[in-house]
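Visitor:
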Ligand SMILES: CC(C)(COP(=O)(O)OP(=O)(O)OC[C@H]1O[C@@H](n2cnc3c(N)ncnc32)[C@H](O)[C@@H]1OP(=O)(O)O)[C@@H](O)C(=O)NCCC(=O)NCCS
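Residue numbers (this note's numbering): 235 to 380.
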């Protein structure tokens, strides 16, 4: 049974495992450890039979939720787990008083862009060369969370 819940200290290895399987960025295990201590941070994990198979996080900046990362292990994708993580993040953001949500996504990450469009985000801007090698970030916003 899939369970969506807030991160706990013992989840760091599981979350980092998902990170390593899904991203080429340079976050370390310590990055996630620091996230659990950051008062701005809110992380949700997706757990299947005691295994962390996905997660998503945002930083609360006043009344805005800024998504840091969201990822699901490849073998669990396109089964609604991402939707579950997003729904749990939105509930948490609303509970904390956030009214909008934003993120940056690589312009060449079509699955993620489709995922965010499906979740009510729209393309609102671009950061040139944000990921190096001429790859821009698309800035997306969802202006209504409720
Ligand atoms: C983005 C990601 C988290 C989506 O997770 P997921 O569990 O596969 O998503 P879901 O199964 O809940 O899909 C929800 C919707 O997203 C869209 N979507 C997801 N994967 C897609 C794909 N490969 N192609 C097109 N649309 C896709 C669809 O609209 C889908 O709705 P549908 O099932 O009704 O068609 C996942 O692809 C992932 O981990 N990618 C690698 C990490 C990453 O790039 N993260 C984002 C960086 S900011």
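Beta carbons: idealized from backbone N, C-alpha and C, even for Gly.
1. Grab the span of the alpha helix (DSSP H) containing residue 251 for me, first residue to last.
2. Under the criterion of a Cβ to heavy atom distance below 7 angstroms, does residue 279 qualify as lining ligand 1?
3. Comparing C-alpha positions only, which one of 331, 366, 316 sits nearest to residue 346?
4. Please determine whether the Cβ atom of residue 304 lies at a distance below 7 angstroms from any heavy atom of ligand 1.
5. Run the CB neighbour count on residue 358, radius 10 Å, all protein chains shown included, and call it buried at 16 or more, exposed below.
6. Could you say if the region 263-278 and the region 292-299 meet the contact criterion of at least three C-beta pairs nearer than 8 angstroms?
7. Look up residue 259 in the DSSP assignment and give the residues it is bridged to.
8. Keeping to the same chain, check which residues put their C-beta closer than 8 angstroms to that of residue 339; ignore five residues upstream and five downstream.
9. Just to confirm the assignment, what range does the alpha helix (DSSP H) spanning residue 309 have?
10. CB residue 301 to CB residue 341, shorter than 8 angstroms?
11. The alpha helix (DSSP H) with residue 290 in it runs from where to where?
12. Consider the C-beta atom of residue 333 and the heavy atoms of ligand 1; say whether any pair is separated by less than 7 angstroms.
13. Sorry if obvious, but does the Cβ on residue 348 come closer than 7 angstroms to a heavy atom of ligand 2?
Guide: In this structure, then:
1. For this step, residue 251 is matched to residue 17 along the chain shown. That run of the alpha helix (DSSP H) goes 246-256.
2. Within the chain shown, the letter at position 45 stands for residue 279. Checking every heavy atom of ligand 1 against the Cβ of residue 279, none is found closer than 7 angstroms.
3. As a first step, residue 346 is located in the chain shown; it is residue number 112 there, counting from the start. Minimum Cα distance to residue 346 is reached at 316.
4. Here residue 304 refers to the residue found at position 70 when the chain shown is read from its first residue. Yes, ligand 1 has a heavy atom inside 7 angstroms of this Cβ.
5. Locating residue 358 in the chain shown gives position 124, counting from the first residue. That one is exposed.
6. yes
7. Position 25 of the chain shown, counted from the first residue, corresponds to residue 259. DSSP, once it has assigned bridges, lists no residue as partnering residue 259.
8. Stepping through the chain shown from its first residue, residue 339 is reached at position 105. If we look at residue 339 and ignore the five residues flanking it on each side, its Cβ neighbours are 346, 347, 350, 371, 372, 374.
9. As a first step, residue 309 must be located in the chain shown, where it is residue number 75. Run containing residue 309: none; DSSP gives neither H nor E here.
10. The residue labelled residue 301 in the question sits at position 67 within the chain shown. The residue labelled residue 341 in the question sits at position 107 within the chain shown. Cβ atoms of residue 301 and residue 341: not closer than 8 angstroms.
11. In the chain shown, counting from the first residue as 1, residue 290 sits at position 56. That residue, residue 290, is in no alpha helix (DSSP H); its beta strand (DSSP E) goes 285-295.
12. On the chain shown, position 99 is the one that residue 333 refers to. Outside the cutoff, so no.
13. Ligand 2 is absent from the structure shown, which contains only ligand 1.
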